[in-house]
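J.:
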Amino acid sequence: MSVRLLVSCVLTSACVGLSLLVGCSPSGPQPSAPSGKSPAAPSGKSPAAQAAKGDYNPHDVPITEEQKTQLRKQAAQFPKAVEVIKELRAATEEETKNGIPQNPYKAHQALDKADLVFQWLPEIARDSGVPKQHWEEVTTTANELRTLFEAVHQNIDNKKEPDFKSVAAEVDRKIARLAEIGAAKPTAKSEAKP
């Protein structure tokens with residue numbers, strides 16, 4: 001009985017392994033992009049596939065790794081990160097003040113960069129010596145700002161009025177609070193890390 005079970009397991013394993021090997025072989029023709037078209041859009045999907053889904057936007061170009069590195073350097077210290085957020089807020093307002101921009105590239109870039117800084121802000125606060133008692137508030141405020149900026153971004157993507165003015169007052173209050181936190185006396189590096 002145990003020999004049959006062992007042989008059965010070995011045969012099953014061999015069959016599964018063989019089917020995986022055969023199924024993964026590149027023997028068939030590889031798909032290619034139609035002539036004259038680029039093989040993939042920035043997201044890795046073809047523009048036609050994205051357009052069919054309705055989510056392809058040639059103006060919404062992803063932030064490059066080089067831009068992320070530069071942005072990370074600019075926002076390395078908490079007070080400077082708050083200044084970067086203020087600049088991106090001003091750029092977003094300027095780009096959307098007359099409705100949907102003709103070419104929304106700058107607005108998308110500002111919104112995408114702001115989103116990155118909001119994601120990094122809790123870590124920047126910790127590494128910049130922001131007193132520990134403010135860490136939770138920084139995280140909450142950054143998340144709330146992400147939500148407000150995302151509403152504007154979604155409006156642009158959906159070809160609706162960006163309506164930055166509807167979130168501007170709340171955005172300004174939250175940025176002002178971050179500036180207050182940034183002005184607080186930093187803790188010593190050894191105290192900042194948990």
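Just so you know, the sequence shown maps onto residues 1 to 194 in the working numbering.
From the three backbone atoms N, C-alpha and C, an ideal C-beta is built for every residue, glycine too.
#1: Are there three or more Cβ pairs, one per stretch, closer than 8 Å when the region 110 to 122 is compared with the region 157 to 164?
#2: If I measure Cβ to Cβ from K86 and keep anything under 7 Å in the same chain, skipping five residues before and after, which residues do I get?
#3: Would you tell me roughly how many angstroms separate the C-alpha atoms of Y56 and E144, rounded to the nearest one?
#4: Check whether chain C comes within 7 Å of A76, counting only Cβ atoms and requiring the distance to be less than that.
#5: For Q109, is the classification buried or exposed, using 16 other Cβ atoms within 10 angstroms of its Cβ as the cut-off for buried?
#6: In angstroms with no decimal places, state the Cα-to-Cα distance between G99 and T187.
#7: Please report the distance separating the alpha-carbon of P34 from that of R146.
#8: Starting from the Cα of H134, find the closest Cα among V167, K80, V152 and E180 and give me that residue.
#9: How is I63 classed by DSSP in three states: helix, strand or coil?
#10: Among P62, R177, T92 and K113, which one has its Cα closest to the Cα of K165?
#11: If L148 and K113 are in contact, beta carbons under 8 Å, what's the gap, nearest whole angstrom?
T.: From the atom records:
#1: Flag = no, the region 110 to 122 and the region 157 to 164 do not touch.
#2: Here the question's residue 86 lines up with position 86 in the sequence shown. Counting only residues of its own chain and dropping the five nearest sequence neighbours on each side, K86 has a CB closer than 7 Å to the CB of I175.
#3: Within the sequence shown, numbered from 1, the residue matching residue 56 stands at position 56. Within the sequence shown, numbered from 1, the residue matching residue 144 stands at position 144. Only weak support exists for where Y56 lies, its pLDDT of 45 falling under 50; the value from the coordinates is given anyway. Those two C-alpha atoms are separated by around 27 Å.
#4: Absent from the structure: chain C. Only one protein chain is present.
#5: For the purposes of this step, residue 109 is taken as residue 109 along the sequence shown, with counting starting at 1. Buried, by the Cβ-count rule.
#6: By one-based count along the sequence shown, residue 99 stands at place 99. By one-based count along the sequence shown, residue 187 stands at place 187. Roughly 44 Å separates the two Cα atoms.
#7: Counted from its first residue, the sequence shown places residue 34 at position 34. Counted from its first residue, the sequence shown places residue 146 at position 146. Per-residue confidence for P34 stands at a pLDDT of 34, beneath the threshold of 50, marking its modelled position as unreliable; no derived number is given.
#8: Position 134 of the sequence shown, counting from 1, holds the residue named residue 134. Closest by alpha carbon: E180.
#9: Counting from 1 along the sequence shown, the entry for residue 63 is found at position 63. Shown here, I63 sits in coil according to DSSP, grouped into three states, outside any helix or strand.
#10: Working through the sequence shown from its first residue, we reach residue 165 at position 165. With distances taken between Cα atoms, K165 lies closest to T92.
#11: Looking up residue 148 in the sequence shown gives position 148. Looking up residue 113 in the sequence shown gives position 113. Rounded, the Cβ-Cβ distance is 15 Å, inconsistent with contact.
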